[in-house]
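First residue of the sequence shown: 1, per full-length UniProt numbering; consecutive thereafter. Glycine included, each C-beta is placed from N, C-alpha and C at the ideal position.
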Amino acid sequence: MAKQRIAAAPSVRRLPSYLHIIRQAQSEGVEFISGTVIANELNLEPIQVRKDLAITGIIGKPKKGYPTVALIAAIEHFLGWDDVQDAVLIGAGNLGTALSGYQEFQYHGLNIQAAFDSDKNKVGTKIHGVPVLAIDTLELQIKHFEAKIAILTVPSSQAQLITDKLIKAGIKAIWNFTNVKLKVPQDVVVQKEDLTSGYAMLCVKMKSFKSPDSFREQ
């Protein structure tokens with residue numbers, strides 16, 4: 001099972017892009033959409049799109065494709081986006097503030113209940129409507145909110161210490177935006193995001209073009 005989950009990871013990462021295209025099609029009155037149409041929009045192979053969509057359990061109709069309403073529901077259910085996921089944000093700095101203001105999260109069921117920070121000037125304020133609380137009250141407050149997800153954007157030097165407190169408070173999933181490999185119990189899920197890897201890929205793609213003109217044409 002573990003190998004299957006790992007193998008499916010690239011497919012899972014592509015599903016939100018599919019969902020955006022399918023929703024756009026639905027808004028235009030399209031009742032069925034084919035894997036080929038989705039593939040063409042994203043420069044992918046149709047067979048790859050069909051394999052990705054298959055993990056949601058939906059089956060398309062020959063010569064018609066997938067019913068857009070049912071396909072949207074299948075993807076959202078597979079991703080868990082058809083249910084509200086309560087979360088807390090740990091670190092109200094630049095990155096944390098940006099994440100709290102990203103409205104797409106709300107559309108996908110992610111409900112950031114509160115942010116925690118050690119800066120006394122931020123405690124008692126709000127960022128994008130999210131209250132900022134003192135980080136030394138973290139354990140008590142999280143139990144009050146009953147959140148199961150923590151978005152971690154603290155300095156790396158504090159990452160493991162804060163993680164230990166989060167786990168003690170009942171957090172079961174951590175979205176880790178630090179550069180630290182966190183040590184957690186087996187029943188706690190961690191998703192590490194490395195923003196520099198995305199930037200590295202962008203730079204490599206830029207270098208692959210022979211001239212600035214060819215880059216602009218893409």
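Asked                                                                                                                                                : Found
Starting from the Cα of residue 99, find the closest Cα among 197, 201, 193 and 207 and give me that residue.                                        : 193
If you draw a straight line from the alpha carbon of residue 157 to that of residue 163, how long is it in whole angstroms?                          : 11 Å
Mind checking who residue 176 pairs with in its DSSP beta bridge?                                                                                    : 152 and 192
Pick helix, strand or coil for residue 16, following the three-state DSSP scheme.                                                                    : helix
In this structure, what does DSSP give as the bridge partners for residue 66?                                                                        : 33
Just tell me which of 204, 200, 79 and 165 has its CA closest to the CA of residue 57.                                                               : 79
Between which residues of its own chain and residue 49 is the CB-CB distance below 6 Å, once the five residues before and five after are set aside?  : 35, 38 and 39
What does the Cβ neighbour count give for residue 116, buried or exposed, with the cut at 16 atoms within 10 Å?                                      : buried
Per DSSP, residue 127 is paired with what?                                                                                                           : 130
Using the three-state DSSP reduction, which class does residue 119 fall into: helix, strand or coil?                                                 : coil
Does the Cβ of residue 141 have 16 or more other Cβ atoms within 10 Å, making it buried, or fewer, making it exposed?                                : buried
Taking a contact to mean a Cβ-Cβ separation below 7 Å, would you say residue 26 touches residue 68 in this structure?                                : yes
How long is the line joining the alpha carbons of residue 11 and residue 46, rounded to whole angstroms?                                             : 13 Å
Any idea if residue 110 is buried or exposed, counting beta-carbon neighbours within 10 angstroms, 16 or more meaning buried?                        : buried
Would you report the Cα separation of residue 126 and residue 92, rounded to the nearest angstrom?                                                   : 10 Å
Nearest CA to the CA of residue 131: which residue from 187, 101 and 203?                                                                            : 101
Let's test the definition: count the other Cβ atoms within 10 Å of the Cβ of residue 215 and tell me whether it reaches 16, buried, or not, exposed. : Per-residue confidence for residue 215 stands at a pLDDT of 45, beneath the threshold of 50, marking its modelled position as unreliable; the derived number appears in the next sentence. With fewer than 16 Cβ atoms within 10 Å of its Cβ, residue 215 is classed as exposed.
Could you tell me the boundaries of the beta strand (DSSP E) in which residue 89 lies?                                                               : 85-90
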